[in-house]
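A short write-up of the structure that comes next.
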Amino acid sequence: MANTKNNILTILGTSIKPGESIEANFDVANLHTSTPVNVPVIIERSKKPGPVVLFTAGIHGDEVNGVEIVRQLIAKGINKPKCGTIICMPVINIFGFINLKREFPDGRDLNRVFPGSSNGSLASRVAHKLIHDILPHADYIMDFHTGGSGRFNAPQIRIAQNEKQLSNLARIFGAPFVLYSKNLNKSFRQTCVKLGKPLLLFEGGKSFHIDDLITNSGVNGAKRILNHLNMLGSKFKVSTPKKDCIFINESKWKRAKYSGMFKASAGISSKVQKGDILGNITDPYGKFNYFVKANNTGYIINVNEAPIVYQGDALFHISTKLKD
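Quick look at the structure:
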């Protein structure tokens, strides 16, 4: 459990007693116009003691579907715990969100500068504040992301291999896929692991886009985790996933052999057989039509939805080896 003094939780200089609802301000710097930027941190405490769960999104400013998931947790009252405390940070990279850009104004990717520095770049300062002012209070973290520009991710949880607690939590979350992937250097996920804070990273959809299927998967998964921790309010129902989640040990990108106009025909999350037609690449003049075929049997966990591709561009992310 997170540390409290006299049962009072103090975050960002704000004291929260059991049973209180508080909106703190995660401010780091003003805009270049000297306009102050308020970054709300919504904190809900139950009168009953329990774990502290942190929901984060918007580490990348263009990943609005993650923001929408945390927004719904707040709007629907799911963030009001039966016991313990829930902290919601819907938009961490507020500067990128304002400018509709993935990175910070300094050009840095926030998810590559953790744990940050109090006297470094703007992105580094935000990372440092998150790690030092918010993270120490959390017992569990759920971080919501989306695919890159034009690339639509199937709803999935990403964790490193050989982390039994996270594997169990991922199964409870109930996304269609669990993708084993290494913790990237200087990422939020790697930093949390080093500090002994269990983090589930959710990926789904694509940037600049909100998809109901992805949103529902994220919200329902969060409810299942809260229910598992006995924190979910009694008025909320927990759905059972339609299928058991598929654990993927290895996966590989199918890349474009030619440049041209691209159209995918294979659907996201579908299982394909080796040799199946996944889509086609054409030229603008009706003289060329190349069929993209699967190199192996597996599940499609990412589809490039860009209408124009170049030779070597990643088109489909397909599983190559499932967990036994």
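To convert, take the position in the sequence shown, counting from 1, and add 892; that gives my numbering. For every residue, glycine included, the Cβ atom is placed at its ideal position computed from N, Cα and C.
C-alpha of S1162 to C-alpha of D1168: approximately 12 Å in a straight line. G1113 carries a helical assignment under DSSP once its states are collapsed to helix, strand and coil. A1030 is not a Cβ neighbour of I1049, given a cutoff of 7 Å. For the stretch 1055-1134, the continuous alpha helix (DSSP H) assignments of 4+ residues that do not extend past its boundaries occur at 1056-1065, 1080-1086 and 1104-1120, in sequence order. 7 Å or more divides the Cβ of V1184 from the Cβ of I1160.
Three or more pairs of CB atoms, one per stretch, sit closer than 8 Å, so the stretch 1034-1051 contacts the stretch 953-972.
A contact between stretches requires three or more CB pairs, one per stretch, nearer than 8 Å, and the stretch 977-985 meets this requirement with the stretch 931-950. Closest by C-alpha distance to E912, out of D919, K974, G958 and V929, is K974. For S1143, the enclosing beta strand (DSSP E) stretches over residues I1138 to R1147.
For V962, the enclosing alpha helix (DSSP H) has its first and last residue at V956 to A967.
The beta strand (DSSP E) runs of length 3 or more contained entirely in the stretch 952-1038 are, from start to end of the chain, 977-981. Secondary structure of Q1048 (DSSP, three-state): strand. The alpha-carbon separation between I966 and P932 amounts to approximately 12 Å.
The C-beta of T927 has fewer than 16 other C-beta atoms within 10 Å across all chains shown, which makes the residue exposed. Secondary structure of H1209 (DSSP, three-state): strand. The alpha carbon of L1170 has as its nearest neighbour, out of K1146, N1011 and A1158, the alpha carbon of A1158. Looking at the DSSP output, I1200 shares a beta bridge with M1153.
Only residues of its own chain outside the window of five on either side were considered, and among them E936, V945 and N971 have a CB closer than 6 Å to the CB of I978, listed in chain order.
The shortest CA-to-CA distance from L1214 to any of D998, F1069 and H1020 is the one to F1069. Between Y1202 and the set G1008, L1002, N1172 and D1216, the nearest pair of CA atoms involves N1172.
Cα atoms of G1088 and A1052: separation of roughly 14 Å, rounded to the nearest angstrom. Contact check between the stretch 901-911 and the stretch 1021-1029: three or more CB pairs, one atom from each, fall below 8 Å, which counts as touching. Residue environment analysis places A921 among the exposed positions, since fewer than 16 neighbouring C-beta atoms fall within 10 angstroms of its C-beta.
Contact between F996 and K1078 fails: their C-beta atoms lie close to 14 Å from each other, not under 8 Å. F1180: not part of any beta strand (DSSP E); DSSP gives it neither H nor E. Judged by DSSP in its simplified three-state form, T902 adopts strand. Under the three-state reduction of DSSP output, N922 falls in the coil class, being neither helix nor strand. Contact between F1036 and G958 holds, with the beta-carbon distance rounding to 3 Å and staying under 8 Å.
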